[in-house]
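Undergrad:
Protein chains in written order, with our numbering: chain V, 1 to 299; chain R, 1001 to 1289.
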């Protein structure tokens, strides 16, 4: 089963169990990349108006009503309008009033000639707020695990999705090598290019560990991560699909504090994305990852 | 003028609630001005007590989403006054454990939800709650927060989905001190109803009762209630008498005309004394008096 099919099945079961899913243009062509079941408003599939600023609040109200809403935002960049009540109400409700407000925010990233707002991941804006957890699953099992966590806990969760994950029907294991030169810590779709980079670098005699980062917040450096890092001669690099002045630097900071290794970051370039292909701002490419690794190990 | 459909007990119950809100807040002003409580921002509704008091008579059991000026809602709908005092004193026994202060109070017992501090967020959240539960919900807002884009968007969505919610705009014509006609050339009842039943009215409690009853079975609906708050937007300051009318005195006069002056005077004196005593008791328990 692909990630898209997994999400669709999870959503269908949730709706048929009395839950709700809401968002804009859900029933439009494609049903959000095939991730939304072809159900109706009577089934709990709520089409919102195009008011991005109110949708998050309506989702919060549904959470207070006990509906455990799946709030679907088709482009992560739209979160700049949608985030306000998720992070200021749902995320703070337990601390403020002891009232749980579990919202499952599905936030979909993509890139490639879609301009300065809709491009790429924007999970960094959520990771800075207390009371919300942030996850970036890329495989079917990771998505199921994320959903099961949500249903067994009472916290709002921001799920940083990527459209390139939708056709994935396999898992992405970590790669640990003896005497690695460096450890890569990729996030979201950066994991796919990082996997390719590991293979290419291997051909040039550069050995890389690859430790996938799925839970962005709370980020707890595991013993497994730290062993991979400390066993690497040249430390590590966090590869993000958001700007570097976000969660990637936070994760790098936490990894460095917990180890004796330097951890660098590689993410979107510090400029707006244009529509023309040569002006786009894409996640680190295979070539950029290879270049960064070579720069860090000075080879 | 008091409607003949109200019983004596109902008239006096409304007045009792008005007095409860008024004397609770006048004591809060006394305590705040005397420096007997933490210097947190406080938001008083003295002068506009009739809105929550009247609606609480009609919408018993409704779920409530207020904004930062929520003491009147809390008290009118049955929140525990002692827990509200404790909240204002920052105590763990407060209705929000000290987290809410004046602006973010809650009361699960009366289904009153807290407010996060962003103007008007209670409106979309209340709409989502009304849709999710199917239960009658009231969301209160000021005439300033009514201008937030997400407030208007949420009202439109509630109208589209026929959510069981009453939108109440407490309209004192001011955003802090910026007058409404400087900010907009439209009004909520005429231009933000989105096809719902709406009414633009004053805070005459007897008229609020009449419209509240009329709208109760036709939700979603919106009432814009023009009111005169006596004290500042935040804090206890006062710029003089209310601009247009003093609703408390007008209401007392209505009750006197209805032949209930003696009963009303007794209620007012009793509540004035009991609330002052309650404040003093809580202050003593908190070691502040």
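Yeah, the Cβ is synthetic: ideal placement off N, Cα and C, and Gly gets one too.
State the Cα-Cα distance for the pair residue 1207 (chain R) and residue 1101 (chain R), rounded to the nearest angstrom.
TA: Locating residue 1207 (chain R) in the second chain gives position 207, where the first residue counts as 1. Locating residue 1101 (chain R) in the second chain gives position 101, where the first residue counts as 1. Taking the straight line joining both Cα atoms gives about 32 Å.
Undergrad: Just how far apart, CA to CA, sit residue 1052 (chain R) and residue 153 (chain V)?
TA: Indexing the second chain from 1 puts residue 1052 (chain R) at position 52. Indexing the first chain from 1 puts residue 153 (chain V) at position 153. Whole-angstrom Cα-Cα distance: 36 Å.
Undergrad: Can you list, in chain order, the residues of its chain whose CB lies under 8 Å from that of residue 74 (chain V), leaving out five sequence neighbours each side?
TA: Position 74 of the first chain, counted from the first residue, corresponds to residue 74 (chain V). If we look at residue 74 (chain V) and ignore the five residues flanking it on each side, its Cβ neighbours are 23, 24, 25, 32, 108.
Undergrad: Are the C-beta atoms of residue 1156 (chain R) and some chain V residue less than 8 Å apart?
TA: Along the second chain, one-based indexing puts residue 1156 (chain R) at 156. At least one chain V Cβ lies under 8 Å of residue 1156 (chain R).
Undergrad: Note the first and the last residue of the continuous beta strand (DSSP E) segment covering residue 250 (chain V).
TA: Position 250 of the first chain, counted from the first residue, corresponds to residue 250 (chain V). Taken as a continuous stretch (DSSP letters only), residue 250 (chain V) belongs to no beta strand (DSSP E), being part of the alpha helix (DSSP H) at 247 to 257.
Undergrad: I want to see whether chain R comes within less than 8 Å of residue 49 (chain V), judged by CB atoms only; does it?
TA: If you number the first chain from 1, residue 49 (chain V) lands on position 49. Yes, contact with chain R.
Undergrad: If you measure from the beta carbon of residue 1106 (chain R) to each beta carbon in chain V, is any gap under 8 Å?
TA: Counted from its first residue, the second chain places residue 1106 (chain R) at position 106. Chain V contact via Cβ: present.
Undergrad: Which residues in chain R have a C-beta closer than 8 Å to the C-beta of residue 62 (chain V)? List them in chain order.
TA: Start at 1 with the first residue of the first chain, and residue 62 (chain V) comes out as number 62. The contacting residues are 1128, 1129, 1131, 1132.
Undergrad: CB residue 1068 (chain R) to CB residue 1045 (chain R), shorter than 8 Å?
TA: Within the second chain, numbered from 1, the residue matching residue 1068 (chain R) stands at position 68. Within the second chain, numbered from 1, the residue matching residue 1045 (chain R) stands at position 45. Not a contact, by the Cβ cut-off of 8 Å.
Undergrad: Starting from the C-beta of residue 1146 (chain R), find all residues in its chain whose C-beta is less than 6 Å away, skip the five residues before and the five after it, and write them out in chain order.
TA: Residue 1146 (chain R) sits at position 146 when you count from the first residue of the second chain. Correct list, in chain order: 1169, 1188.
Undergrad: Mapping DSSP to helix, strand and coil, what is residue 1268 (chain R)?
TA: Numbered from 1 along the second chain, position 268 holds the residue referred to as residue 1268 (chain R). In this structure, residue 1268 (chain R) counts as helix in the three-state DSSP scheme.
Undergrad: Using the rule of at least 16 other Cβ atoms within 10 Å of the residue's Cβ for burial, across every protein chain shown, is residue 259 (chain V) buried or exposed?
TA: Here residue 259 (chain V) refers to the residue found at position 259 of the first chain. Buried.
Undergrad: Do residue 1057 (chain R) and residue 1002 (chain R) have their beta-carbon atoms positioned less than 8 Å apart in this structure?
TA: Reading the second chain from its first residue, position 2 is the one you call residue 1002 (chain R). Reading the second chain from its first residue, position 57 is the one you call residue 1057 (chain R). Not closer than 8 Å, so no.
Undergrad: Say whether chain R places a C-beta atom closer than 8 Å to the C-beta of residue 97 (chain V).
TA: As a working note, residue 97 (chain V) is residue 97 in the first chain. Closer than 8 Å to some Cβ of chain R, the Cβ of residue 97 (chain V) qualifies, so yes.
Undergrad: Is there contact between the stretch 2 to 16 of chain V and the stretch 153 to 170 of chain V, where contact requires at least three CB pairs shorter than 8 Å?
TA: Yes, the stretch 2 to 16 of chain V touches the stretch 153 to 170 of chain V.
Undergrad: What residues are listed by DSSP as bridge partners for residue 217 (chain V)?
TA: Within the first chain, residue 217 (chain V) is the residue found at index 217, counting from 1. Per DSSP, V:134.
Undergrad: Let's test the definition: count the other Cβ atoms within 10 Å of the Cβ of residue 1024 (chain R) and tell me whether it reaches 16, buried, or not, exposed.
TA: Numbered from its first residue, the second chain carries residue 1024 (chain R) at position 24. Result: buried.
Undergrad: Curious, which full-length beta strand (DSSP E) runs of at least 3 residues does the stretch 101 to 172 of chain V contain?
TA: You should have 104 to 109, 133 to 135, 157 to 162.
Undergrad: Using a Cβ-Cβ cut-off of less than 8 Å, give me the residues of the stretch 1075 to 1101 of chain R that come near chain V, in sequence order.
TA: Under the 8 Å Cβ criterion, the stretch 1075 to 1101 of chain R contributes 1096, 1097, 1099, 1100.
Undergrad: Taking DSSP as the reference, what is the three-state secondary structure of residue 43 (chain V)?
TA: By 1-based counting over the first chain, the position of residue 43 (chain V) is 43. Helix at residue 43 (chain V).
Undergrad: Tell me which residues of the stretch 1114 to 1126 of chain R have at least one Cβ-Cβ distance to chain V shorter than 8 Å, keeping chain order.
TA: From the stretch 1114 to 1126 of chain R, only 1114, 1116, 1117, 1118, 1121, 1123, 1124, 1125, 1126 have a Cβ closer than 8 Å to chain V.
Undergrad: Residue 85 (chain V) CB to nearest chain R CB: under 8 Å?
TA: For this step, residue 85 (chain V) is matched to residue 85 along the first chain. True, the Cβ-Cβ gap to chain R drops below 8 Å.
Undergrad: Look at residue 238 (chain V) and residue 123 (chain V) and say whether their C-beta atoms are less than 8 Å apart.
TA: Mapped onto the first chain, residue 238 (chain V) falls at position 238. Mapped onto the first chain, residue 123 (chain V) falls at position 123. No, they are not a contact pair.
Undergrad: Any idea if residue 30 (chain V) is buried or exposed, counting beta-carbon neighbours within 10 angstroms, 16 or more meaning buried?
TA: Within the first chain, residue 30 (chain V) is the residue found at index 30, counting from 1. Classification of residue 30 (chain V): exposed, given that the 10 Å Cβ count is below 16.
Undergrad: Name the chain V residues that come within less than 7 Å of residue 1150 (chain R), Cβ to Cβ?
TA: Your numbering for residue 1150 (chain R) matches position 150 in the second chain. Ordered by position in chain V, the residues that pass the 7 Å Cβ test against residue 1150 (chain R) are 51, 53, 54, 57.
Undergrad: In chain V, which residues lie less than 7 Å from residue 1153 (chain R) when you measure between Cβ atoms?
TA: Along the second chain, read from residue 1 onward, the residue named residue 1153 (chain R) stands at position 153. Those are 49, 51, 53, 54, listed as they occur along chain V.
Undergrad: For residue 1062 (chain R), does the three-state DSSP call read helix, strand or coil?
TA: Reading the second chain from its first residue, position 62 is the one you call residue 1062 (chain R). Note: residue 1062 (chain R) maps to coil in three-state DSSP.
Undergrad: Would you call residue 1284 (chain R) buried or exposed, if buried means 16 or more other Cβ atoms sit within 10 Å of its Cβ?
TA: What you label residue 1284 (chain R) is simply residue 284 of the second chain in a count that begins at 1. Flag for residue 1284 (chain R) reads exposed.
Undergrad: Can you tell me which of the three DSSP states residue 1115 (chain R) falls into?
TA: What you label residue 1115 (chain R) is simply residue 115 of the second chain in a count that begins at 1. Three-state result, residue 1115 (chain R): coil.
Undergrad: Can you give the Cα-Cα distance for residue 67 (chain V) and residue 1027 (chain R), rounded to whole angstroms?
TA: Numbered from 1 along the first chain, position 67 holds the residue referred to as residue 67 (chain V). Numbered from 1 along the second chain, position 27 holds the residue referred to as residue 1027 (chain R). Each residue's alpha carbon lies about 41 Å from the other.
Undergrad: Closer than 8 Å is the cut-off here; do at least three beta carbon pairs connect the stretch 1211 to 1219 of chain R with the stretch 1227 to 1244 of chain R?
TA: Touching, no.
Undergrad: For residue 186 (chain V), which beta-bridge partners are listed by DSSP?
TA: Position 186 of the first chain, counted from the start, is the residue given in the question as residue 186 (chain V). V:239.
Undergrad: Establish whether the CB of residue 82 (chain V) and some CB of chain R are separated by less than 8 Å.
TA: Indexing the first chain from 1 puts residue 82 (chain V) at position 82. Residue 82 (chain V) does not count as touching chain R.
Undergrad: Can you give the Cα-Cα distance for residue 1135 (chain R) and residue 147 (chain V), rounded to whole angstroms?
TA: Stepping through the second chain from its first residue, residue 1135 (chain R) is reached at position 135. Stepping through the first chain from its first residue, residue 147 (chain V) is reached at position 147. Approximately 28 Å between the Cα atoms of the pair.
Undergrad: Count the other C-beta atoms from every protein chain shown that fall within 10 angstroms of the C-beta of residue 222 (chain V), then say buried if there are 16 or more, exposed otherwise.
TA: Here residue 222 (chain V) is taken as the residue at index 222 of the first chain, counted from 1. Burial call: exposed.
Undergrad: Determine the burial state of residue 1186 (chain R): buried for a count of at least 16 other Cβ atoms within 10 Å of its Cβ, exposed for fewer.
TA: For this step, residue 1186 (chain R) is matched to residue 186 along the second chain. Classification for residue 1186 (chain R): exposed.
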